[in-house]
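Working notes, structure below.
Chains as they are written, first to last, in this note's numbering: chain Y, 1 to 116; chain V, 1001 to 1113.
Quick look at the structure:
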């Protein structure tokens, strides 16, 4: 299994809703990432988990709350979002967090979020 | 400032033709350079990855080159197909600190029949 699976593919939520995005990989990767991508822009790093511990938070607002229940799963909990948070949210994983060539990121297909 | 710039922003070619996409970077120190292909509404897929000591790497009809002295890379697509229509993103790994990926804005390629 060489895939990163993200659910749901599409999500529409109001500003007062609480929802979650889910990501799963079974490649034995120990680093997992959340990226946010606006239309026609490159992905922007949000969070990095390494060995199930949060290692990087790129100053993301607290209305986004990541969680890594185990080495295969990564969640992104959403609460009180703003319309400008509408974007494609990409999950990725890699063997390790280091920047070496061995740690190529494998991306999921993304979750398209619309905040009304 | 660590930056990755890609050109052109967009490109239209006819099916069967070749094309070359450019990537210039100012990232230093750098660990490796990657090219990703991203279909609309999908996640990026890795095409090639090169360290500073590698000059060229191929993946089927895709050939990437790297000149670490001039800090330039190119992605050459041979005999283009309609399925090559996508955004191509150049990503450089900044190795000072925690090995951060610096993304280019991408080149949007459209292959027409």
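Where a beta carbon is used, it is the ideal one built from N, C-alpha and C, also for glycine.
Only a predicted model underlies this, so the values are computations on that prediction, with no experimental measurement involved.
Outcome for residue 1016 of chain V when other beta-carbon atoms lying within 10 angstroms are tallied against a minimum of 16: Looking at its Cβ environment, which holds fewer than 16 other Cβ atoms inside 10 Å, residue 1016 of chain V is exposed.
Assuming residue 79 of chain Y is part of the beta strand (DSSP E), what are its boundary residues? Residue 79 of chain Y: member of the beta strand (DSSP E) spanning 73–79, first to last residue.
Between residue 1071 of chain V and residue 1024 of chain V, what straight-line distance do the alpha-carbon atoms span, to the nearest angstrom? Cα-Cα distance, rounded: 6 Å.
Please state whether the Cβ-Cβ distance between residue 1076 of chain V and residue 1012 of chain V is less than 9 Å. The Cβ-Cβ distance between residue 1076 of chain V and residue 1012 of chain V does not fall below 9 Å.
Quick one: what does DSSP say residue 1122 of chain V is sitting in, helix, strand or coil? Nothing about residue 1122 of chain V can be read from this structure; chain V reaches only from 1001 to 1113.
Please confirm if residue 1049 of chain V has its CB atom under 9 Å from at least one CB of chain Y. Interface residue (Cβ-Cβ distance to chain Y less than 9 Å): residue 1049 of chain V is classified as such.
I think residue 1057 of chain V touches residue 1068 of chain V, with their Cβ atoms under 8 Å apart; what is that distance to the nearest whole Å? Actually they are not in contact, since the Cβ atoms of residue 1057 of chain V and residue 1068 of chain V sit about 13 Å apart, beyond 8 Å.
Give me the Cα-Cα distance between residue 49 of chain Y and residue 9 of chain Y, rounded to the nearest whole angstrom. Residue 49 of chain Y and residue 9 of chain Y have their C-alpha atoms roughly 22 Å apart.
Taking 9 Å as the CB-CB cut-off, is residue 1036 of chain V touching chain Y? Cβ-Cβ to chain Y under 9 Å: yes for residue 1036 of chain V.
Cα-Cα separation, residue 28 of chain Y to residue 71 of chain Y: Whole-angstrom Cα-Cα distance: 8 Å.
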